[in-house]
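Protein chains: 2
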Amino acid sequence: MNSTDHAPETPTLKIKAFFESAPPLKDAAEIQTKLKEFVDRNSSSGNGKANRVVCVTSGGTTVPLEKRCVRYIDNFSSGHRGSASTEYFLKAGYSVIFLYRRGTCQPFCRSLPDDPLLECFTSTDDSSVQVDPSHAEMVKRAITENRSAVNGGFLLKLPFTTIFEYLQILRMIAVSLRSLGPSAMFYLAAAVSDFYVPWESMTMHKIQSASGPLDMRLAQVPKMLYVLRNEWAPVAFCISFKLETDTDILLGKADMALKKYKMHMVVANELQTRKEEVIVVTEQEKITVRRDTTQPGADVEDPLIKLVVDRHSAYIDA
Amino acid sequence: MNSTDHAPETPTLKIKAFFESAPPLKDAAEIQTKLKEFVDRNSSSGNGKANRVVCVTSGGTTVPLEKRCVRYIDNFSSGHRGSASTEYFLKAGYSVIFLYRRGTCQPFCRSLPDDPLLECFTSTDDSSVQVDPSHAEMVKRAITENRSAVNGGFLLKLPFTTIFEYLQILRMIAVSLRSLGPSAMFYLAAAVSDFYVPWESMTMHKIQSASGPLDMRLAQVPKMLYVLRNEWAPVAFCISFKLETDTDILLGKADMALKKYKMHMVVANELQTRKEEVIVVTEQEKITVRRDTTQPGADVEDPLIKLVVDRHSAYIDA
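Given below as structure tokens:
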């Protein structure tokens, strides 16, 4: 597998080339319809102002290594950050487009076991199904709050698997949210692949393992943050995430992302401590946000979303 | 990343080197206890003969690319084959050790939507949780049959994620099942990685994406089938799977696996048609097994497991 040797130079051209080589999105028309309905419904509230809408991305994207895909490179991400943040955004009165990796953590379901159906329910003799008393509250909350957000039109869930699907849907969302101006926000918590095999240079069939080691050359995914900020959604409030395992380089990289991609905020987090604290980097300051350890079960996303909402308000008023 | 340059020569030495370099299994003691209980319970039935026990492996293994894992290579596998086969083995009176990839399809849950909790349930005003009538039968069946198999001691579920976990647990199972002699079976439907990054040559931190394309060299995973058949479980009945996307090479590769690893059966399947038909390759014959298309919802695993059980009986009696 070879990367394209003569890659185009600017981010815009690179992303154009990426999209042209990507396999077409299967359910594009259906996604478009859902997006239109959602944005229309949220375009004006009683006071004539646009509702605030945030697109939360969550979970990792995959990179297929074969066209008829058997193997792929994946990015570890449970979707915990994105699903928790979605709950706090809804609580703060935002409408949320939750762009999530299939199979990852869903809003309101974070405390449930891996397989809630088999682990939380029993069936009784009179052919009905019953929640185990120990899980009853959690299960009821998950079902009720999810239904209420989805049916009320405050939560639109759109799934992805590959990097190709993710970037194509994100572009559709960005274009749909333009009409909301600064009331729209992008909260990009997904773990997006940075290397991929360009579709046109990808092998059709399963890679054979008969003969010795496998050498792979992966191309860099074009820096989508730049194009999102400059072209797709130039007026929206944009927050990106930087995850590293090496604390020494984390803040430097977060700073670089802020400047290079003109993000309004970068949330820096370290793999081992990411559920305890994050550092919010803006042009003016670096703010450490910690979860309230005096409260059992308190999330770092609670103070984080309060801070984000606060800065978004200032941005809208400016 | 470099593969080990001077790899040991024989499969046994290769797998020994693989295990020595693998990160230790975290819950080894707990798995050992569960296995012991399960095998003891199934070691003799009323007639003094050992119960039949099959280890069904299901879903794909991952290969971490970093020690503090952010990225990994994954093998696409829904776990549908393994979970369906488990149901038919239980129906045929076998006890099943279901060695499955976390998050993949579970026995009795194949027909449920992706997220059964949020998609099949509603909550009512009197603070109870209710199944939607359209899903009631399926949900009840999933919960009842799973509970009955697990609580009855016929089904032991053990999860894995990485290739390191998978091979270590498989070895533990093989050693535990030795006492059952020919009554034990291995039905290896999992999609096992064939390339990996040896743990000792793996980078500690997240691979940086700053500078150009990424070159990777992956080493071959030692051929575990050979060691399973020859050392871990020399008397058990062994069935492996061969999945290809290219029909032209499929049967040749299945034949090779049969001879090279001395499998009793190899189930050959093609990615596009794998839910419709498979070809069972034995030393004597090639049998095409198709699902019964006159029955709505019939699975190819139904006739497949009947054939497997039949051949296993002949093997025990021989």
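In order, the protein sequences belong to chains A and B.
Count the first sequence with this note's numbering and you get residues 1 to 318, in order.
Count the second sequence with this note's numbering and you get residues 319 to 636, in order.
Just so you know, even glycine gets a beta-carbon here, dropped at the ideal spot from N, CA and C.
- Among the residues facing chain B, Y72(A) is included, as its CB has a counterpart in that chain under 8 angstroms away.
- Residue contact check for F38(A) against chain B: no CB pair falls below 8 angstroms.
- Residues P477, T479 of the same chain have their beta carbon placed closer than 6 angstroms to that of R420(B), with the five preceding and five following residues left out of the count.
- Look at F478(B): its C-beta is not under 8 angstroms from any C-beta on chain A.
- Only N75, F76, S77 from the region 75-91 of chain A bring a Cβ to less than 9 angstroms from some Cβ of chain B.
- Between the C-alpha atoms of R147(A) and E137(A) there is a straight-line separation of about 15 angstroms.
- The beta carbon of L569(B) sits closer than 8 angstroms to the beta carbons of A586, I597, V599, K604 from its chain, once the five residues preceding and following it are set aside; these are given in chain order.
- Interface with chain A (8 angstroms Cβ-Cβ cutoff): A586(B) is excluded.
- Between the region 87-98 of chain A and the region 48-61 of chain A there are three or more C-beta pairs closer than 8 angstroms, enough to call the two in contact.
- Counting C-beta pairs closer than 8 angstroms gives fewer than three between the region 117-131 of chain A and the region 178-193 of chain A, which falls short of the contact rule.
- Going by beta carbons, G60(A) and S83(A) fall outside the 8 angstroms limit.
- Distance between G530(B) and F18(A), taken at the CA atoms: about 16 angstroms.
- For T62(A), the enclosing beta strand (DSSP E) starts and ends at 62-64.
- In the three-state scheme derived from DSSP, where H, G and I count as helix and E and B as strand, L99(A) is classed as strand.
- With a beta-carbon spacing of about 34 angstroms, V457(B) and I481(B) fall beyond the 8 angstroms limit used to define contacts.
- Between R547(B) and K577(B), the gap from beta carbon to beta carbon reaches 8 angstroms or more.
- At a cut-off of 8 angstroms between beta carbons, L498(B) makes no contact with chain A.
- As the crow flies, the alpha-carbon of D248(A) is around 13 angstroms from that of Q272(A).
- Listed in chain order, the positions of the region 450-471 of chain B with a beta carbon within less than 8 angstroms of a beta carbon of chain A are A454, V457, K458, A460, I461, T462, N464, R465.
- Contact residues of the region 214-238 of chain A toward chain B are L214, D215, M216, R217, L218, A219, Q220 (C-beta to C-beta distance below 7 angstroms).
- Boundaries for D310(A): no beta strand (DSSP E) harbours it, while the alpha helix (DSSP H) harbouring it runs 301-317, taken from the DSSP string.
- A Cβ of chain A is located within less than 8 angstroms of the beta carbon of V447(B).
- Per the coordinates, the alpha-carbon of R81(A) lies some 7 angstroms from the alpha-carbon of A189(A).
- Take S494(B), set aside five residues on each side of it, and the residues of its chain with a beta-carbon closer than 6 angstroms to its own are L353, V357, in chain order.
- Contact between F154(A) and L90(A) holds, since their C-beta atoms are separated by about 6 angstroms, short of 8 angstroms.
- Contacts with chain B at 8 angstroms (Cβ-Cβ) do not include Q32(A).
- Listed along chain A, the residues sitting closer than 9 angstroms to Q424(B) by beta-carbon distance are D115, L117, L118.
- Within the DSSP bridge table, the entry for Y187(A) names V56(A), I239(A) as partners.
- Looking at the DSSP output, L155(A) bridges to V96(A).
- Residues of the same chain with a CB within less than 7 angstroms of the CB of Y390(B), apart from the 5 flanking positions on each side, are T380, V381, P382, L383 in chain order.
- For L589(B), the closest Cβ of chain A is nearer than 8 angstroms.
- At a cut-off of 8 angstroms between beta carbons, R420(B) contacts chain A.
- The Cβ-Cβ distance between V266(A) and S240(A) falls below 8 angstroms.
- Here A233(A) is near R178(A), since their CB atoms are less than 8 angstroms apart.
- Under the three-state reduction of DSSP output, K16(A) falls in the helix class.
- Counting only the Cα atoms, N469(B) lies some 19 angstroms from S134(A).
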